[in-house]
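> In the numbering used here, the protein residues as written are 403 to 657. Even glycine gets a Cβ: it sits at the ideal position worked out from N, Cα and C. Following this message is one structure expressed as structure tokens.
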Amino acid sequence: ATGLSLGRAFELSLPKPELPRANRAPLDQKFAVCMMRSSYNTVDELDFCAMDAFQKRFFLIRQDEWQPYLARARAALGRPPEQGDLTDPLYFDFISFAQYETINDFLKRPRKLFEELVSAEGETRVVARNASSVADDRLLAAEHGRRVGDKVLDFVLERFASTSYTQVQVSPELSPVAVEANAQKLVTLLAVLGFSIDSVAERRGNKLLVTFIGAANCWGLRSLSQGNPLARPPLVNDFGAKVVGAWLARCGYAG
């Protein structure tokens, strides 16, 4: 990589976690696209950066991170990721990491008014953050996570709405036992879609503990979570947690 800022050079110098050696199942194509597209579209909705600048930065981060990731994959697993194939969890892990690394970059210096390129001919428009977003910059990351969770949850609920066996109940009237049972059904459906090898939801007192085993985002999630400890906590690609959180919110469990 060339022309790196000191901050970016420092980020690239940090050791990355080991890649998971588990034989992760392929992701459902439409589900993988939904997770990536929901994350991108929510950035666009929240209007805190120009999307042409976002796309350029996303490209540069992918370029910076790809060769080290490729070497790591070959050394650990004996094969490279299938570049461009979102159904390959090894590739999805990388590309969702790069996407959220890019989002975090722009969340460090969010804009309220900016110019955005809208055509290949150089046409631009002025974008002002308005009531469709949030005014307080400190709330942008949480709002992004909430909206992505809602979008991906909608996909899952609609995908499995055809039979009572796969339907997940959404109601503020659910008993604690029903909450646990339906949470387990929801995370099982995520596993069916290839998000994880297995998944467990269980009550611990008044808390719900959810575990995803061999998740498609596990390397990227750990990489994002180990950022600069002096910086704002990063927004991470914890799609399973976002989906379960969105479902719990619809069932009346806030926070």
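Secondary structure at valine 581, three-state DSSP: helix, strand or coil?
In this structure, valine 581 counts as helix in the three-state DSSP scheme.
> Tell me the DSSP secondary structure of threonine 404 in three-state form.
At threonine 404, the pLDDT of 47 sits below 50, so the modelled position is not reliable; the number obtained from the coordinates is stated separately. Three-state result, threonine 404: coil.
> Within its chain, find whatever has a CB closer than 6 Å to the CB of phenylalanine 433; leave out the 5 residues flanking it on each side and keep chain order.
The answer, listed in chain order, is Leu595.
> Compare the beta carbon distance of valine 550 and serine 625 with 7 Å and say whether it is the shorter of the two.
Taking 7 Å as the Cβ cut-off, valine 550 and serine 625 do not qualify as a contacting pair.
> Would you tell me roughly how many angstroms separate the C-alpha atoms of arginine 426 and aspartate 495, rounded to the nearest one?
Whole-angstrom Cα-Cα distance: 11 Å.
> Is it right to say threonine 613 is buried, meaning 16 or more other beta carbons lie within 10 angstroms of its own, or is it exposed?
Threonine 613 should be labelled exposed.
> Let me check one thing: in DSSP terms, what residues is lysine 609 bridge-paired to?
Answer is Arg606.
> Pick out whichever of Val602, Gly607 and Leu610 has its Cα sitting closest to the Cα of alanine 617.
Of the candidates Val602, Gly607 and Leu610, the one whose C-alpha sits nearest the C-alpha of alanine 617 is Val602.
> According to DSSP, is serine 564 helix, strand or coil?
Three-state result, serine 564: coil.
> Taking only three categories from DSSP, how would you classify arginine 652?
In the structure shown, arginine 652 sits in a helix (DSSP, three-state: H, G or I).
> Leucine 541: buried (16+ other C-beta within 10 angstroms of its C-beta) or exposed?
Under this definition leucine 541 is an exposed residue.
> Is serine 535 buried or exposed, if buried means 16 or more other CB atoms sit within 10 Å of its CB?
Buried, since its Cβ has 16 or more Cβ neighbours within 10 Å.
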